[in-house]
Structures are given as C-alpha cells and as structure tokens.
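>
Residue numbers (this note's numbering): 522 to 652.
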C-alpha cells in the first residue's frame, strides 16, 4: 500500500508534466504562427551571404558546395529546408521545414546557414555564430 505522501507526490509530478506539455503545445500552435512569415531565404557559407532567394518561389533541390562538404536546399510552399547534406550528424537535415522570420537552419560542420529574413522589426538578425 502506498503512503499518502507518495501518491500526492505522484499527482504533483503528473500535473507539472501536463502543464509543461500544454505550454509547449500553446507555444507551437498559438505564439509561433503569429510570427511574421518570411519573404527571403539567405544562404550563408563561412558567414558570407552567397545566395538570396524568394521564399514565395518554389525551387527544385539546389546544391551548395563548401570546402567541408555539400548541402541541398529546397523551397516549397513558402517553406525552406535542407533536404540533404553529407555532414556526419545530419542535424540540418533533421531540422525540417522553416517559414518564419528569424528561424535558421545551421550545419556547423560545413559553416552553412539558411536564414529566413523579412519585415519583422529586427527578428531576422542572427544572435550569434560559434565555431
């Protein structure tokens, strides 16, 4: 038979986990969609913008080669993603689709950044980049 303090502790833990889950759901469904949709995709290699693309125009897979490897970027339906890369961890590929101003996709092994820019009052500025 469980003691009352153990049951109470379990109940508190369940309530806290439900509140955290509800907060994440609220953020993803209500707050994030209110961010301005991007208008431009900036492709940066080694901190330099090498391509500027309209987010409204669908593209086929575009390959960008760096000294460290390659990344394949695709724009479709007002969203952008890194479709393929030869980096070992594939974090950039697993990041998925991005569409809001200020969102970035980063491939650290290749020093490759996909950044979404637009009119959002400074939200499109990258906070920092660390090697």
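For every residue, glycine included, the Cβ atom is placed at its ideal position computed from N, Cα and C.
Go through its chain and collect everything with a Cβ distance to residue 625's Cβ below 7 Å, but skip five positions before and after it.
For the purposes of this step, residue 625 is taken as the residue at position 104 of the chain shown. The answer, listed in chain order, is 634, 635, 636 and 647.
> Does the distance from the CB of residue 574 to the CB of residue 562 come in under 8 Å?
Looking up residue 574 in the chain shown gives position 53. Looking up residue 562 in the chain shown gives position 41. Yes, Cβ-Cβ distance for residue 574 and residue 562 is below 8 Å.
> Specify, as a first and last residue, the run of the alpha helix (DSSP H) that residue 531 falls within.
Along the chain shown, one-based indexing puts residue 531 at 10. Where residue 531 is concerned, the enclosing alpha helix (DSSP H) stretches over 525-547.
> Do residue 602 and residue 505 have their beta-carbon atoms positioned less than 8 Å apart in this structure?
This structure cannot speak to residue 505, because the chain is shown only from 522 to 652.
> Helix, strand or coil for residue 589, going by three-state DSSP, please let me know.
Residue 589 sits at position 68 when you count from the first residue of the chain shown. Reduced to three states, the DSSP call for residue 589 is coil.
> Beta-carbon separation of residue 565 and residue 582 under 8 Å?
Here residue 565 corresponds to residue number 44 of the chain shown, with the count starting at 1. Here residue 582 corresponds to residue number 61 of the chain shown, with the count starting at 1. No, Cβ-Cβ distance for residue 565 and residue 582 is not below 8 Å.
> Determine the DSSP secondary structure at residue 550, reduced to helix, strand or coil.
As a first step, residue 550 is located in the chain shown; it is residue number 29 there, counting from the start. In this structure, residue 550 counts as helix in the three-state DSSP scheme.
> Kindly give me the distance between the Cβ atoms of residue 590 and residue 613, rounded to whole angstroms, as I take these residues to be in contact under 8 Å.
Within the chain shown, numbered from 1, the residue matching residue 590 stands at position 69. Within the chain shown, numbered from 1, the residue matching residue 613 stands at position 92. Not a contact, Cβ separation roughly 11 Å.
> Using only CA atoms, which one of 630, 598, 531 and 551 lies nearest to residue 577?
On the chain shown, residue 577 is found 56 positions in, with the first residue counted as 1. Of 630, 598, 531 and 551, the residue nearest in Cα terms is 598.
> So for residue 608, helix, strand or coil by DSSP?
Position 87 of the chain shown, counted from the first residue, corresponds to residue 608. DSSP places residue 608 in coil when its eight states are reduced to three.
> Mark residue 622 as exposed unless 16 or more other C-beta atoms lie within 10 angstroms of its C-beta, in which case mark it buried.
Residue numbering aside, residue 622 sits at position 101 when the chain shown is read from its first letter. By the 10 Å Cβ count, residue 622 comes out buried.
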